[in-house]
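Enquirer: Chains as they are written, first to last, in the working numbering: chain U, 1 to 267; chain P, 1001 to 1397; chain H, 2001 to 2185.
Where a beta carbon is used, it is the ideal one built from N, C-alpha and C, also for glycine.
In this text, all values refer to a predicted model and were calculated from it rather than measured experimentally.
Mind having a look at this structure? Questions to follow.
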Amino acid sequence: MIDIEKEIQKDRRAFIKNVLSGTIAGSLLMVIPAGAALDGAIPEQIPGVRGDHSPFLKNQFVFIVDVTACIGCGSCCVADKNEYNVPDGNYRTWVERYVIDDHDEVFVDCPNGGLDGYTKPRTDIPYPVRDTFFVPKLCNMCQKPSCVQVCPVGATYRTEDGFILVDKKRCVGCGYCIQACPYSARYLNPVTKTADKCTWCYHRVREGLLPTCVNVCPVHARKFGDLNDKNSEVYKLLREPHVISVLKPGMGNQPALHYLGLRREVV
Amino acid sequence: MSVAVHGDAVAAAANYIFPNDLHVHWSLMIVLYPYITGLVAGAFIVSSLYHVFHIKALKPVARFSLLFALAFLICATWPLLNHLGHPERAMSMMLTPNPTSAMAGFGYIYTAYFIVLVLEILFIFRPTVVALGQKATGFMKMLYSVLAIGSDNVSERALKLDQKIIAFLAAIGIPMACVLHGYVGFIFGGIKANPLWATPLMPLIFLLSACVSGIAGIIVTYIFLMKISGRKIDVDCVQTLIKFLWGFFILDFVFEMLEIFSHFYMATHHWHTLEALYSGPLFTSFWVAQVGVFSVIPFFVLMAMSLIKFKDSLLLFIAPIVSVMILIQVLLMRWNVVVGGQLMSKSERGATTFHPMWFEKEGILPAILIMIAPVVILWIIGKVLPFWMDDDGVETA
Amino acid sequence: MEKEYKSKYYSHVVKIVLIFIVVGVLAVVGRNYLLPDTMGQYGHYRGSDLEDQRNVEVRSHTNESCFECHRPIRLIHKAGVHKTVSCEFCHGPYADHVKDGKYVAKLPVKKGMEIKELCLRCHNKIIRARPEESIKVVAMPQHLEEMKVQVDHNCNQCHMVHDPLLWIKAANEMMGMEMKGDKKN
């Protein structure tokens, strides 16, 4: 039991150190603002973007979700909710759980969009489970976006650098884009009464930061990068032979969101 | 589903709805919108049958149906405005219409149609208005003067000019009524993400059901108004309306069934979702109500009424009943398309549910109020422009 | 004899045409006033919305932002297998803690059985969809039985939450022992 004693000792020392530095740092912070600007506060994650004030970036961003890596922890959903204060019951991103039994029946669920994680196994599967996996979903950032096509007032649009955004000062809240999106990525925000959806964290990307869901994913199942950068992971994944696909390719929307290891059961 | 091949594996094995699909965004208001514009387009076509195609038997309702169309057209935007998250921004649709949006044209098509309809009414009613204006005093005199567009000239020469303009307006009015309502169908038919909506037949079905509902609406209101005011009903007119109703309803019903049948026959992966929808959540409202009760029964009743010579009293007894059934059929059709289409999740694996509430913003009560409004407006219009009067300001019938 | 009228036979038509011209001109002029300033600058949308979109508040930061102040945790967190876990996932967004460089509120620290819940959110073996390559999963309470500890033990009694293997490794080193799990890791 000596080791445990030592551990406690060690922990106590760490704790005191923590308290001291925390207090000191905390009290210092009360007096000296650490600077509101992000420069310096957060290290740049996408090189060469911060400080670029041109309307559109030169980068060609793509998003890749690795279905084979996702553990369904829902960190991404929590981060997303934190970043945007998404009203309950609406989802900018969500994580689906697929269960396939050995009779090839597919069972999918997504309680509260995966926001609370997956803590219970499904109990309604009649046969032994053959395969099970998680599939995170978000805005597909289509190159041929249906939502932009149908918006009657030009409140939702595609930027030249590939982001599809909603102008909440102009959206009339008709809901046509919600009907038109093949991926159900959109919802009507009950607070602003305008259409809302995932933006791939446009405001973060413009600051040289990764989308918040990519930043928090502990298993690197969400990858965001620039196809113009030949050394980027996304470039390598997309340009080299991999099992990679998009959702509902038959819709012809040409998403910029790709899935690594996507199974055919996924809609 | 014991052996799963490619398509089967994605079929609805368990009810899974995308989290954002739980809520039905387009509810009662968007059911009413095509219903009201349909009544407008249909009533206008009744009037055009007389004014353009010279179906003389329809003379008694020719003027009335224009006013009927106007009353409903005034209210056509109300459900939309009530539905919008930001109705105060509605004018953006006119200000910055997105050329690629199927919805952006509505403001313009609606306005253009409104102008044509109002002009046609003003020209047709001008001699009557002038005659009434001479008898009226005070405010009414002023109103009639405005409605006569500040002209008291009802000379032969003036009326001849008016006739030419009326013929022109009625002629462009028909394609416009078709565009107005075919276009409403296209708003749904152009949404590829929704397999129940995405069919080129959608504009056609909307247009035909519009004609059907308009004619039925005219029959009901004509007989009702005649009865309560103790006037004599023109049986020949009702008989002719019934024949047209049957004709349009044959086309309407056949195309509605063809649409389902072609989905079924082509059996793409969408059919698996649609099949589940039609045999599940939509079974009662579609197969039982819309098809079984309110299509098949009126279909045969209308057929009998058109082919067999009924006694006048029997004809006038059945005509409003069958017309009301048709009106319900069209309302059910709007419901099954608008709400039904949204019940299917885009997950292709399940359906959500929808039950309208009474007192919510887009609930049943607002819907009823919006449907009562055109009737009230029609009554007010009737105080100014009498429905059953001819050019000299003399009561007809 | 033809009746005399005050108006010409075409006067109402002329009036209508005039009304149309006036309304048309008003609409064209009015439109220019009502259009948003930057509408159509880059496409069929309000160009200045790009600026609005960029000005959305960054509420979640990265772990580095937290480590600026929380130094000791930084050393522990970055050294362990939990280095990829976001601070904000367990503690909440940075913006709720620091505003304009100033401390505004305390972020929650999970306590007691909340910790176990949080651990099992990711490490629960019963949720079979978790790829082995991504995460180490345990079955409960078998894991506790196997490790010969009481089944009501909380995870953080053995695992330091910021570096789950920290104490275990240290203990093994001291005892000069190798544990089953260690060989794998």
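Does the beta-carbon of K197 of chain U have 16 or more other beta-carbons within 10 angstroms, so that it is buried, or is it exposed?
Expert: Buried: at least 16 other Cβ atoms inside 10 Å.
Enquirer: Among the candidates P:W1388, P:L1208, P:V1330, P:L1066, whose CA atom is the shortest distance from the CA of V1118 of chain P?
Expert: Ranking the options by Cα distance to V1118 of chain P, first place goes to P:L1066.
Enquirer: Let me confirm a value: M1266 of chain P is counted as buried when at least 16 other C-beta atoms fall within 10 Å, else exposed. Which label applies?
Expert: Answer is exposed; the Cβ neighbour count stays below 16.
Enquirer: Between the C-alpha atoms of V150 of chain U and A1193 of chain P, what's the straight-line distance to the nearest angstrom?
Expert: Rounded to whole angstroms, V150 of chain U to A1193 of chain P spans 12 Å at the Cα level.
Enquirer: What residue range does the alpha helix (DSSP H) around D131 of chain U cover?
Expert: Premise fails: D131 of chain U lies in the beta strand (DSSP E), 129-137, not in any alpha helix (DSSP H).
Enquirer: List the endpoints of the continuous alpha helix (DSSP H) containing L1122 of chain P.
Expert: That run of the alpha helix (DSSP H) goes 1106-1135.
Enquirer: Considering just the uninterrupted stretch of the beta strand (DSSP E) at Y2009 of chain H, what are its terminal residues?
Expert: From DSSP, Y2009 of chain H is part of no beta strand (DSSP E); its letter is neither H nor E.
Enquirer: How would you call N189 of chain U, buried or exposed, if buried means at least 16 neighbouring beta carbons within 10 angstroms?
Expert: Classification for N189 of chain U: buried.
Enquirer: Counting contacts by CB-CB distance shorter than 7 Å, is S2048 of chain H in contact with chain U?
Expert: False, the Cβ-Cβ gap to chain U never drops below 7 Å.
Enquirer: Is there a Cβ from chain U that is less than 7 Å from the Cβ of Y1016 of chain P?
Expert: Closer than 7 Å to some Cβ of chain U, the Cβ of Y1016 of chain P qualifies, so yes.
Enquirer: Consider the Cβ of S1209 of chain P: report whether some Cβ of chain U lies at a distance smaller than 7 Å.
Expert: With 7 Å as the cut-off, S1209 of chain P does not count as an interface residue toward chain U.
Enquirer: Take V1184 of chain P and list the residues in its own chain whose beta-carbon comes closer than 6 Å to its own, dropping the five residues that flank it on each side.
Expert: Once the five neighbours on either side are set aside, the close Cβ partners of V1184 of chain P are P1034, T1037, F1206.
Enquirer: Could you work out which residues of chain U lie near T1100 of chain P, taking near to mean beta carbons separated by less than 9 Å?
Expert: By Cβ distance, chain U contributes V148, Q149, V150, C151.
Enquirer: I'd like the span of the beta strand (DSSP E) that includes W94 of chain U, first residue to last.
Expert: From DSSP, the beta strand (DSSP E) with W94 of chain U extends over 94-101.
Enquirer: By the 9 Å beta-carbon criterion, what residues does the stretch 2124-2138 of chain H contribute toward chain U?
Expert: From the stretch 2124-2138 of chain H, only N2124, I2126, I2127, R2128, A2129, R2130, P2131, E2133, S2134, I2135, V2137 have a Cβ closer than 9 Å to chain U.
Enquirer: Quick one, which residues of the stretch 152-181 of chain U are near chain P if we go by CB-CB under 8 Å, in chain order?
Expert: For the stretch 152-181 of chain U, which is checked against every Cβ of chain P, the residues closer than 8 Å are P152, V153, G154, A155, R170, C171, V172, G173, C174, G175, Y176, I178, Q179, A180, C181.
Enquirer: Return the CA-CA distance between R204 of chain U and R2059 of chain H, expressed in angstroms with no decimal places.
Expert: Cα to Cα, the separation comes out at about 10 Å.
Enquirer: Report the residue from U:L257, U:E265, U:D109 whose alpha carbon sits nearest the alpha carbon of N140 of chain U.
Expert: It is U:L257 whose Cα lies nearest to the Cα of N140 of chain U.
Enquirer: With a threshold of 16 other CB atoms inside 10 Å of the CB of I64 of chain U, please say whether the residue is buried or exposed.
Expert: It is buried - the Cβ of I64 of chain U has at least 16 other Cβ atoms within 10 Å.
Enquirer: Assuming T1240 of chain P and A1057 of chain P are in contact, meaning their beta carbons sit under 8 Å apart, how far apart are those beta carbons, in whole angstroms?
Expert: About 4 Å; that satisfies the 8 Å criterion.
Enquirer: Decide yes or no for the touch test of the stretch 1373-1388 of chain P against the stretch 1072-1090 of chain P: beta carbon pairs closer than 8 Å, at least 3 of them.
Expert: With the cut-off at 8 Å, the stretch 1373-1388 of chain P and the stretch 1072-1090 of chain P touch.
Enquirer: Go ahead and pull the three-state DSSP assignment for A195 of chain U.
Expert: Three-state DSSP puts A195 of chain U in a strand.
Enquirer: L1161 of chain P touches chain H at which residues, Cβ-Cβ below 8 Å?
Expert: Result: Y2009, Y2010, V2013.
Enquirer: Could you spell out the range, first to last residue, of the alpha helix (DSSP H) harbouring G1038 of chain P?
Expert: Its alpha helix (DSSP H) spans residues 1028-1051.
Enquirer: Quick check on Q45 of chain U: buried or exposed, where buried means 16 or more other Cβ atoms within 10 Å of its Cβ?
Expert: By the 10 Å Cβ count, Q45 of chain U comes out buried.
Enquirer: Kindly identify the DSSP beta-bridge partner or partners of K223 of chain U.
Expert: In the DSSP output, where bridge partners are listed per residue, K223 of chain U has U:I64.
Enquirer: So that I know if they touch, is there some Cβ in chain H lying closer than 7 Å to that of T68 of chain U?
Expert: Judged by the 7 Å Cβ criterion, T68 of chain U is in contact with chain H.
Enquirer: Taking M1103 of chain P as the query, report the chain U residues whose CB atoms sit under 7 Å from its CB, ordered along the chain.
Expert: The answer, in chain order, is V150, P152, C174, Y176.
Enquirer: Under a Cβ-count criterion, where at least 16 other Cβ atoms within 10 Å of its own Cβ denotes burial, should S1279 of chain P be classed as buried or exposed?
Expert: With fewer than 16 other Cβ atoms within 10 Å, it is exposed.
Enquirer: Among H:E2114, H:D2152, H:I2168, which one has its Cα closest to the Cα of H2159 of chain H?
Expert: It is H:I2168.
Enquirer: Around the C-beta of N231 of chain U, are 16 or more other C-beta atoms found within 10 angstroms, so that it is buried, or is it exposed?
Expert: So N231 of chain U ends up on the exposed side.
Enquirer: Given a limit of 8 Å on CB to CB distance, which residues of the stretch 1340-1366 of chain P reach chain H?
Expert: Residues: none.
Enquirer: Quick one: is Y2033 of chain H near chain P, going by C-beta distance under 7 Å?
Expert: Not one chain P Cβ lies under 7 Å of Y2033 of chain H.
Enquirer: Suppose you measure from the CA of M1371 of chain P to the CA of L2034 of chain H; what does that come to, to the nearest Å?
Expert: Distance between the alpha carbons of M1371 of chain P and L2034 of chain H: 33 Å.
Enquirer: What does Y1016 of chain P pair with, by DSSP beta-bridge criteria?
Expert: In DSSP, Y1016 of chain P forms a bridge with P:R1349.
Enquirer: Give a yes or no on whether the minimum CB-CB distance between L1314 of chain P and chain H is below 7 Å.
Expert: Chain H contact via Cβ: absent.
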